[in-house]
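Numbering-wise (the working numbering), the sequence shown opens with residue 44 and increments by one.
Built from N, CA and C at the ideal position, the CB exists for glycine as well.
Computed from a predicted structure; not experimentally measured.
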Amino acid sequence: MNLQGHEAAPGPARRRPTAARAYLLNQDTVDDYRRTVSAGIDRVAGRVAGADRPFTGITPDRLAPEIDRIDLDRPLHDPAAALDELDSVYLRDAVYFHHPRYLAHLNCPVVIPALLGEAVLSAVNSSMDTWDQSAGGTLIERRLIDWTTDRIGLGPTADGVFTSGGTQSNIQAMLMAREEACASQPVPRAELLPRLRVLTSAAGHFSVQKSAKLLGLARDAVVTVETGPDRRMRPEALAREIDRCHRAGLVVMAVVATAGTTDFGTIDPLPAIAEQCRAAGVWLHVDAAYGCGLLVSTTRRHLLNGIEQADSVTVDYHKSFFQPVSSSAVLVRDRRVLRHATYHADYLNPARMVEQRIPNQVDKSLQTTRRFDALKLWLTLRIMGADALGALFDEVVDRAADTYTLLSTDPRFEVVTRSQLSTVVFRYLPADRHLADDANLHAREALAASGAAVVAGTKVDGRHFLKFTLLNPETTIDDIAHVLDLVAAHASRYVRARTAAEVSVPAPAEVPSVDVAAEPCHVG
């Protein structure tokens, strides 16, 4: 009976949704949900199936006017029309990482089980900050953190939390290291902060410098440690820097070692670095955003030996675990240090919940509202398994080794160092070496404009180089050879044009002996 004495209805009243409410996902709109999402999947599937190159070569100047013309205050009221429009402003010109000739950045093709997870988590829309918003999601994320820390070997007191990516993980690790350093020093905080130093490899990630800035450290707080020809941190150079800081009255709050440098795919000598950190009482953070794929490798796990001695570790599943962005985590040896990110709000996670053993992930995270990104990895492990992921990562590492051999024997190119992972840095070498930088810059731009392939660029010792980052097991050595031929063709055409232009410039009559070929000249 209801309050008026009438029989209660057996279930929730059904009503025709209003125009606006018809767009909400609920029990009345599930058929529309199925149709609309299926139509979107069909569009993406068609683009993926039909992509004959990784990129169209579209430029910002050409695409921006198309997007600017769209009036966001005049909705289309038609999913099909919206998908047609989206095709012209996004899907048509998207960079497709699944294509075997996308060779640029640390973007991976994604596995289908993870896409299933993406579809589920976005529709249910759990928020991972508190138990009463995520329930089972909280426990799944915690189980995956335990699984990862077990793979690393951090020990029984380890813990962690999922993050948006490697940069956020590194920031949180440096926050914890800073707070632990401040707690260990009998010095006022304001006096100590300018003296704190972070030592990291010269080949380390820029997010270490960003972290220092965001954490209020001194402008010179990050000290880069010398690397050898193999682009790995020199342990003897690290020892010198630790000693120098000590003698100067500075406090080394953390050493950041890298397990997979972005440019070179190299892994710092973790056991030797860990030994020095332990002897000096210094926090060791290992940035394994890239190299974490070795955790599931059945043949190369030994390359991460020493990582188990870290105080904190960054992993990016959305790089070498073939997950969609975002899917990352920061892990710690001692779960107590996660308290440095903890604040209690009465409306959300009051302190009494800790005593009641209610698991609120916001107690560990820099974020409050947060997606259930762990579900993607969970379904990947439950459907594919870790060994299958490891086999995929081993394939791309093998391909990089083959690429290094190919480049080493090709007189058109210079290759920097052999990668321990799947990155190869190289450049085209014209006969006239002073044209090398411009030739390689031109080749990269021309290749991107053609859309036939996408490669990255970087600087090595002040010189411009090109970079292959191989994360697609479908990329073959024939694909690599073809892209190298394209690079060489673009670069050599540029060199010929530059040389012809320089030779055609008449020498000034009053100085007939000037060597015009030595003067800079820009073509076009």
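Can you list, in chain order, the residues of its chain with a C-beta nearer than 8 Å to that of proline 82? Leave out the 5 residues immediately preceding and following it. Here residue 82 corresponds to residue number 39 of the sequence shown, with the count starting at 1. Going by the sequence as given, residue 82 is alanine instead of proline. Taken in chain order, the residues that qualify are Pro122, Ala123, Leu126.
Based on the DSSP output, what are the partners of lysine 253 in its beta bridges? Taking the sequence shown and counting its residues from 1, the one referred to as residue 253 is at position 210. Answer by DSSP bridge pairing: none, since lysine 253 is not bridged.
Counting along the chain, where does the alpha helix (DSSP H) carrying serine 81 start and finish? Taking the first residue of the sequence shown as 1, we reach residue 81 at position 38. First-last of the alpha helix (DSSP H) with serine 81: 73-93.
Buried or exposed, going by whether 16 or more other CB atoms sit within 10 Å of the CB of proline 156? Looking up residue 156 in the sequence shown gives position 113. Classification of proline 156: buried, given that the 10 Å Cβ count is 16 or more.
Quick one: what's got a C-beta closer than 7 Å to leucine 239's C-beta in the same chain, skipping five residues either side? Reading the sequence shown from its first residue, position 196 is the one you call residue 239. Arg221, Ala224, Leu260, Ala264, Val294, Met296, listed in sequence order.
Cβ separation of methionine 217 and leucine 258, assumed to be a contact under 8 Å, to the nearest whole Å: Residue mapping note: residue 217 aligns to position 174 of the sequence shown, counting from 1. Residue mapping note: residue 258 aligns to position 215 of the sequence shown, counting from 1. Yes, methionine 217 and leucine 258 are in contact; Cβ-Cβ is about 6 Å, under 8 Å.
Three-state secondary structure assigned by DSSP to histidine 120: Here residue 120 refers to the residue found at position 77 when the sequence shown is read from its first residue. The answer is coil: DSSP assigns histidine 120 none of H, G, I, E or B.
For valine 154, does the count of other Cβ atoms within 10 angstroms reach 16, so buried, or fall short, so exposed? Counting from one through the sequence shown, the residue named residue 154 turns up at place 111. So valine 154 ends up on the buried side.
Bounding residues of the beta strand (DSSP E) (the contiguous stretch that carries histidine 328): Translated into positions along the sequence shown, residue 328 becomes position 285. 326-331 is the span of the beta strand (DSSP E), which, as asked, contains histidine 328.
Three-way DSSP call (helix, strand, coil) for valine 380 in this model: Start at 1 with the first residue of the sequence shown, and residue 380 comes out as number 337. In the structure shown, valine 380 sits in a helix (DSSP, three-state: H, G or I).
Just to confirm, are serine 371 and serine 170 a CB contact at a threshold of 8 Å? As a working note, residue 371 is residue 328 in the sequence shown. As a working note, residue 170 is residue 127 in the sequence shown. No, the Cβ-Cβ distance between serine 371 and serine 170 is not below 8 Å.
Buried or exposed, going by whether 16 or more other CB atoms sit within 10 Å of the CB of valine 73? The sequence position of residue 73 within the sequence shown is 30, counting from 1. Flag for valine 73 reads exposed.
For histidine 248 and threonine 304, I'd like the C-alpha separation in whole angstroms. If you number the sequence shown from 1, residue 248 lands on position 205. If you number the sequence shown from 1, residue 304 lands on position 261. The straight-line gap from Cα to Cα measures roughly 7 Å.
Taking only three categories from DSSP, how would you classify valine 298? On the sequence shown, position 255 is the one that residue 298 refers to. Valine 298 falls in the strand class under three-state DSSP.
DSSP three-state label for aspartate 202, please. Stepping through the sequence shown from its first residue, residue 202 is reached at position 159. Here aspartate 202 sits in strand by DSSP.
Compare the C-alpha of glycine 160 against each of Ile285, Val458, Thr423, Ala255 and name the closest. To locate residue 160, count along the sequence shown from 1; it is residue 117. Nearest of Ile285, Val458, Thr423, Ala255 to glycine 160, Cα basis: Thr423.
Quick check on lysine 510: does DSSP put it in helix, strand or coil? As a first step, residue 510 must be located in the sequence shown, where it is residue number 467. In the structure shown, lysine 510 sits in a strand (DSSP, three-state: E or B).
Which whole-angstrom value describes the C-beta separation of phenylalanine 436 and valine 339, a residue pair presumed to lie in contact below a C-beta threshold of 8 Å? One-based indexing of the sequence shown puts residue 436 at position 393. One-based indexing of the sequence shown puts residue 339 at position 296. Confirmed, Cβ separation roughly 7 Å.
Can you find a CB in chain B that lies within less than 8 Å of the CB of threonine 304? Note that chain B does not occur in the displayed structure, where there is just one protein chain.
Whether or not the segment 356-368 and the segment 129-144 are in contact is what I'm after, with contact meaning three or more pairs of Cβ atoms, one per stretch, closer than 8 Å; do they touch? no
Rounded C-alpha distance that separates valine 440 from alanine 300: Mapped onto the sequence shown, residue 440 falls at position 397. Mapped onto the sequence shown, residue 300 falls at position 257. Looking at the two C-alpha atoms, the distance is approximately 21 Å.
Skipping 5 residues on each side, what residues in its chain have a beta carbon closer than 7 Å to that of threonine 61? Along the sequence shown, one-based indexing puts residue 61 at 18. For threonine 61, where only same-chain residues beyond five positions count, there are no Cβ hits under 7 Å.
Give me the residue from Leu281, Ile285, Val356 with the minimum Cα distance to threonine 191. Start at 1 with the first residue of the sequence shown, and residue 191 comes out as number 148. Per the Cα distances, Val356.
Of the residues Val467, Leu197, Pro118, Asp354, the one placed nearest phenylalanine 508, counting alpha carbons only: Position 465 of the sequence shown, counting from 1, holds the residue named residue 508. Of the candidates Val467, Leu197, Pro118, Asp354, the one whose C-alpha sits nearest the C-alpha of phenylalanine 508 is Val467.
Return the residue from the list Ala147, Thr270, Lys362, Pro314 that minimises the CA-CA distance to glycine 433. Looking up residue 433 in the sequence shown gives position 390. Of Ala147, Thr270, Lys362, Pro314, the residue nearest in Cα terms is Lys362.
If we ignore side chains and look at the alpha-carbon of each, how far apart do aspartate 175 and isoleucine 401 end up? Looking up residue 175 in the sequence shown gives position 132. Looking up residue 401 in the sequence shown gives position 358. So the alpha carbons of these two residues sit roughly 9 Å apart.
DSSP three-state assignment for glutamate 457, whether helix, strand or coil: Within the sequence shown, the letter at position 414 stands for residue 457. It is a strand residue.
Which residue wins for smallest C-alpha separation from glycine 349, given the options Gly324, Gln410, Arg442, Leu197? Here the question's residue 349 lines up with position 306 in the sequence shown. For glycine 349, the nearest C-alpha among the options comes from Leu197.
What does a CB cutoff of less than 6 Å around aspartate 416 pick up in its chain, not counting 5 residues either side in sequence? For the purposes of this step, residue 416 is taken as residue 373 along the sequence shown, with counting starting at 1. Around aspartate 416: Phe205, Ser369, Ser370.
Pick helix, strand or coil for lysine 407, following the three-state DSSP scheme. On the sequence shown, residue 407 is found 364 positions in, with the first residue counted as 1. Reduced to three states, the DSSP call for lysine 407 is coil.
Euclidean distance between Cα positions of glutamine 410 and proline 516: One-based indexing of the sequence shown puts residue 410 at position 367. One-based indexing of the sequence shown puts residue 516 at position 473. Rounded to whole angstroms, glutamine 410 to proline 516 spans 34 Å at the Cα level.
So, is aspartate 290 buried or exposed, given that buried needs 16 or more other C-beta atoms within 10 angstroms? Counting from one through the sequence shown, the residue named residue 290 turns up at place 247. Here residue 290 is arginine; the residue named in the question, aspartate, does not match the sequence. The residue is exposed, with fewer than 16 neighbouring Cβ atoms inside 10 Å.
By Cβ distance below 6 Å, which residues in the same chain neighbour arginine 96 in space, the five residues on each side in sequence not counted? Here residue 96 refers to the residue found at position 53 when the sequence shown is read from its first residue. Within the same chain, arginine 96 has close Cβ partners Gly494, Ala495.
Can you tell me where the beta strand (DSSP E) with glycine 500 in it begins and where it stops? What you label residue 500 is simply residue 457 of the sequence shown in a count that begins at 1. Glycine 500 -> beta strand (DSSP E) spans 497-503.
8 Å Cβ cutoff met for histidine 533 and histidine 485: Start at 1 with the first residue of the sequence shown, and residue 533 comes out as number 490. Start at 1 with the first residue of the sequence shown, and residue 485 comes out as number 442. Going by C-beta atoms, histidine 533 is nearer than 8 Å to histidine 485.
Using the three-state DSSP reduction, which class does valine 230 fall into: helix, strand or coil? Within the sequence shown, residue 230 is the residue found at index 187, counting from 1. Coil.
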